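Below is one structure, written out as structure tokens; comments come after it.
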Amino acid sequence: MLGYISSTRKKSCYACVKSKRRCDLGYPCCKRCFTKGLDCTYRNALIHEAEVVVRQTTPDFIPLTNDIVVEPSDVPQDSSNINPALLQSDSSGSEDGVDPPARIMYSQPRICESILPQIWEPTVLSEGQVVFMVNQLCSFLRSLAYSGSTPYMHDALYQDGQPIAYQDSCSLSALYLMKTNQNAPVIIRSIDSKISSLMSSTNTWTLSEHLAAVQALIIYQIIRLFDSDLRLQSLADKQNSLLELWTASLWKRSFNEPNCFNSTHESWIFYESLRRTVLVSTFLCGAWGCVKNGGLCEVVPILAKLPMTRDMELWRLDSNEWVEKDVLEAKVPLITYGDFALSWTPGMATGQLGDFEKLLLVACRGEQVISILGG
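Reminder that position 364 of the sequence shown reads as 364 in full-length UniProt numbering, one-by-one numbering, no gaps.
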């Protein structure tokens with residue numbers, strides 16, 4: 001579970017106080033509230049990255065039942081072991097390239113929604129929401145191949161130096177868009193090789209390289225989870241635990257090992273890309289959980305409390321516009337994903353919303369938002 005302890009929030013959460021239980025002060029949820037599905041709130045709980053200290057361990061974010069897979073190539077290719085197809089594009093195996101997934105195999109929930117913890121809604125997503133989410137996640141491949149950036153990877157993030165993991169993910173995204181029956185084995189072996197290379201270098205990563213590695217693994221997981229033609233869904237499902245582990249470690253390091261930058265704009269780009277990467281990583285695992293479990297998203301309590309910059313327009317500013325607007329990074333307010341979604345109303349202007357905002361809103365506010373946003 002992603003978490004840190006605020007130096008200004010030394011009192012237990014309300015739920016632990018009410019039940020007279022000890023609170024570990026974890027954020028976004030303490031361990032007890034996360035386990036019991038309670039609403040975890042603190043007195044004067046404000047998000048401010050300059051005032052936080054990282055919890056020494058993040059055990060709740062790491063799955064307890066799934067072992068991390070360290071041998072990508074040892075995968076049975078028997079189609080009986082593969083999860084139902086998500087990508088059903090007729091051109092996925094043709095010379096014309098790859099289209100976004102048109103439909104998914106979606107099973108209805110076999111649980112009683114009334115007994116689910118009502119921490120934050122939605123917990124069970126509709127088929128329309130899941131399809132929209134999968135399509136938007138798959139669009140990151142095209143964005144990275146064509147522009148070198150994604151909604152969680154700013155286009156100026158690596159302008160002064162490109163980590164190898166970033167270069168590899170750009171190359172593989174471009175190759176994947178040209179996927180045919182003939183080059184599909186090349187794509188499979190390339191992804192296996194790149195993930196193995198990342199695993200072997202974890203002890204030497206700088207914070208920037210760690211960020212690039214998580215971003216690259218997100219891309220590889222999107223390809224493997226949502227293209228059943230590659231027959232890698234079973235392995236990718238198991239390696240979601242690896243993505244979660246690297247993400248939790250990245251989140252912790254971002255507070256323990258602050259980087260130095262030449263300008264406030266460069267600093268903000270890096271840390272906002274990091275915040276969005278953590279959010280998208282968790283979002284991806286949640287989206288895949290929805291596909292497997294009939295729409296049930298088990299990471300909603302974590303997602304709802306992950307922070308990002310409140311003013312989405314800042315993501316689209318260049319360095320000159322940043323200076324002209326006289327933006328000070330220390331004064332850029334953050335907002336949790338949950339609060340962002342709840343603050344949006346259908347009457348608000350939607351013309352300036354980017355793909356990232358649309359993805360977050362559709363997942364949280366329901367299928368009706370798809371038609372409102374023109375998605």
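We put the CB at the ideal spot given by N, CA and C, even for glycine.
Just so it is clear, the structure is predicted and the values come from calculations on it, not from any experiment.
Selection from the options that minimises the alpha carbon distance to residue i
{"i": "R224", "options": "C260, W288, R22", "result": "W288"}
{"i": "P258", "options": "N293, T206, S241", "result": "T206"}
{"i": "N183", "options": "D229, R276, W322", "result": "D229"}
{"i": "Y166", "options": "C23, A304, L353, Y152", "result": "Y152"}
{"i": "G286", "options": "R316, S196, V124", "result": "V124"}
{"i": "T282", "options": "L342, N262, T247, A212", "result": "T247"}
{"i": "Y158", "options": "Y271, V299, V17", "result": "Y271"}
{"i": "L279", "options": "H210, V291, E244", "result": "E244"}
{"i": "P346", "options": "I222, F356, L361, L334", "result": "L361"}
{"i": "G294", "options": "K325, G128, C40", "result": "G128"}
{"i": "F131", "options": "E324, C290, R365", "result": "Note on residue identity: the sequence assigns Val, not Phe, to residue 131. Residue C290 is the option with its Cα nearest to V131."}
{"i": "V134", "options": "K292, A341, R310, L303", "result": "K292"}
{"i": "K252", "options": "R21, G26, A15, S12", "result": "G26"}
{"i": "N203", "options": "Q233, S249, F226", "result": "S249"}
{"i": "L296", "options": "K20, A363, S241", "result": "A363"}
{"i": "L242", "options": "N256, A213, D227", "result": "A213"}
{"i": "I302", "options": "W268, V323, L284", "result": "L284"}
{"i": "A156", "options": "M308, K325, S319, C16", "result": "S319"}
{"i": "V323", "options": "S19, C13, W268", "result": "W268"}
{"i": "S208", "options": "M308, K36, S126, C260", "result": "C260"}
{"i": "I164", "options": "I195, S234, Y14", "result": "I195"}
Local conformation of residue i per DSSP, three classes
{"i": "L334", "result": "strand"}
{"i": "L198", "result": "helix"}
{"i": "T150", "result": "strand"}
Neighbour-count burial assignment, residue i, 16 or more Cβ in a 10 Å radius
{"i": "R193", "result": "Looking at the sequence itself, residue 193 is Ser, so the reference to Arg does not match. Classification of S193: exposed, given that the 10 Å Cβ count is below 16."}
{"i": "Y337", "result": "buried"}
{"i": "S343", "result": "exposed"}
{"i": "V98", "result": "Unreliable positioning characterises V98 in this predicted model, as indicated by a pLDDT of 47, which lies under 50. The coordinate reading is nonetheless provided below. Buried, since its Cβ has 16 or more Cβ neighbours within 10 Å."}
{"i": "G354", "result": "exposed"}
{"i": "V369", "result": "buried"}
{"i": "Y42", "result": "buried"}
{"i": "P185", "result": "exposed"}
{"i": "Q162", "result": "exposed"}
{"i": "M178", "result": "exposed"}
{"i": "N181", "result": "exposed"}
{"i": "S254", "result": "buried"}
{"i": "N262", "result": "exposed"}
{"i": "S200", "result": "exposed"}
{"i": "D160", "result": "exposed"}
{"i": "E71", "result": "With a pLDDT of 46 at E71, under the threshold of 50, the modelled position of that residue is not reliable, and the figure given next carries that caveat. It counts as exposed."}
{"i": "N240", "result": "buried"}
{"i": "S12", "result": "buried"}
{"i": "D326", "result": "exposed"}
Beta-carbon spacing of residue i, residue j below 8 Å
{"i": "S173", "j": "L211", "result": "no"}
{"i": "L144", "j": "C170", "result": "yes"}
{"i": "K31", "j": "D39", "result": "no"}
{"i": "I218", "j": "C138", "result": "no"}
{"i": "T277", "j": "Q215", "result": "yes"}
{"i": "M312", "j": "E266", "result": "no"}
{"i": "V299", "j": "L314", "result": "no"}
{"i": "Q136", "j": "L306", "result": "no"}
{"i": "residue 386", "j": "I335", "result": "Outside the modelled stretch of the chain, which goes from 1 to 375, sits residue 386, for which no answer is possible."}
{"i": "I191", "j": "Y220", "result": "yes"}
{"i": "Y176", "j": "I188", "result": "no"}
{"i": "C29", "j": "R22", "result": "no"}
Quiz item: In the stretch 262-349, which residue ranges form an unbroken beta strand (DSSP E) of at least 3 residues, counting only runs that do not cross its ends?
Solution: 307-309, 334-336
Quiz prompt | Sequence ranges, alpha helix (DSSP H) only - wholly within the stretch 168-213, length at least 4 | solution = 184-200
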